[in-house]
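Residue numbers (our numbering): 275 to 519.
Working notes, beginning with the structure itself.
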Amino acid sequence: MTEKLSSDLEQRFLDVEENLKTVRERIAEAAVKSGRTPRDITLLAATKTVSAQVINHGIELGIDHIGENRVQELEDKFDSYDLSHCELQFIGHLQTNKVKYLIGRVSMIQSVDQEKLAKEISRLSEKQNLTTDILIEVNIGHEPNKSGVLPQNLYELVETVSLLPGVRIRGLMAIPPAGASEKETMNYFLQMNQYFVDIKSKKIDNVAMDFLSMGMSADYPQAILAGANLVRVGTALFGPRNYNR
Ligand SMILES: *Cc1c(COP(=O)(O)O)cnc(C)c1O
Numbered sequence: 275m276t277e278k279l280s281s282d283l284e285q286r287f288l289d290v291e292e293n294l295k296t297v298r299e300r301i302a303e304a305a306v307k308s309g310r311t312p313r314d315i316t317l318l319a320a321t322k323t324v325s326a327q328v329i330n331h332g333i334e335l336g337i338d339h340i341g342e343n344r345v346q347e348l349e350d351k352f353d354s355y356d357l358s359h360c361e362l363q364f365i366g367h368l369q370t371n372k373v374k375y376l377i378g379r380v381s382m383i384q385s386v387d388q389e390k391l392a393k394e395i396s397r398l399s400e401k402q403n404l405t406t407d408i409l410i411e412v413n414i415g416h417e418p419n420k421s422g423v424l425p426q427n428l429y430e431l432v433e434t435v436s437l438l439p440g441v442r443i444r445g446l447m448a449i450p451p452a453g454a455s456e457k458e459t460m461n462y463f464l465q466m467n468q469y470f471v472d473i474k475s476k477k478i479d480n481v482a483m484d485f486l487s488m489g490m491s492a493d494y495p496q497a498i499l500a501g502a503n504l505v506r507v508g509t510a511l512f513g514p515r516n517y518n519r
């Protein structure tokens, strides 16, 4: 039994190594195509359902950004992660009453879409003498019941949140509609890039448009071509998710 488990794990480790090589090659190719260098693009490994043991192996192979999307899962895995050479970020939908579990633990919260949420992050960060980096998540496809601020409310939210002392806006994040065609998805990415460039040009105090976070396993090269410099990749690194473990 033990032997079987360990050889399965060995195979997983090899798969992750191989996948990481492929993902890095595709990132590099898209970076160069879009007039940048591979180093301009941050690869964040989306870790949901993947064991800390496998993630730590990825970190050993050089993954230096990981992202959790559920607070409970982060709680469960946090102490097992080796974060001495890796940033942990939060990328999922966040309820205000769960913010307390993240402050001081994650280097950035990518999914801020309401003033109320930003205020709580700011309040709890100040209490710990911290400033927490955040991205504003945009509901670029105007999807009902989806996280993210609607594009028509984006500028107002950025202005309001920029005034909060305990947070610093570092950029924008988006997840285009799941059912969109490749062409539609590209258009969403390009729209996001326009917001990103436009807000950057306004040079708002306490707003640094450093990161445009978009692109997942199915479309990260396209996202990079459209201007993304932070991609969140899960399946392409760790294989299909098994939610039944
Ligand atoms: C799971 C997840 C990803 C990665 O999705 P894949 O399709 O597996 O690459 C990216 N962003 C967020 C917010 C996620 O929850």
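Where a beta carbon is used, it is the ideal one built from N, C-alpha and C, also for glycine.
Neighbour flag for residue i against chain B, beta carbons, 8 Å
i, result
"residue 412", "Among the protein chains of the structure shown there is no chain B, as only one such chain exists."
Rounded straight-line distance, which links the Cα of residue j to that of residue i
i, j, result
"residue 448", "residue 287", "30 Å"
"residue 452", "residue 446", "19 Å"
"residue 497", "residue 513", "20 Å"
"residue 479", "residue 442", "10 Å"
"residue 382", "residue 366", "12 Å"
"residue 303", "residue 424", "32 Å"
"residue 328", "residue 391", "32 Å"
"residue 307", "residue 499", "7 Å"
"residue 504", "residue 402", "27 Å"
"residue 396", "residue 380", "14 Å"
"residue 330", "residue 493", "25 Å"
"residue 394", "residue 374", "9 Å"
"residue 336", "residue 488", "21 Å"
"residue 370", "residue 511", "30 Å"
Three-way DSSP call (helix, strand, coil) for residue i in this model
i, result
"residue 493", "coil"
"residue 379", "coil"
"residue 411", "strand"
"residue 504", "strand"
"residue 448", "strand"
"residue 339", "strand"
"residue 443", "strand"
Enclosing beta strand (DSSP E) for residue i [first to last residue]
i, result
"residue 316", "316 to 320"
"residue 382", "382 to 386"
"residue 487", "481 to 487"
"residue 364", "361 to 364"
Cβ pair residue i, residue j closer than 8 Å
i, j, result
"residue 323", "residue 515", "yes"
"residue 461", "residue 501", "no"
"residue 377", "residue 398", "yes"
"residue 359", "residue 333", "yes"
"residue 320", "residue 293", "no"
"residue 411", "residue 421", "yes"
"residue 521", "residue 301", "Any answer about residue 521 is impossible in this case: the structure gives the chain only from 275 up to 519."
Residue range of the unbroken alpha helix (DSSP H) whose run includes residue i
i, result
"residue 434", "425 to 436"
"residue 401", "389 to 401"
"residue 471", "456 to 475"
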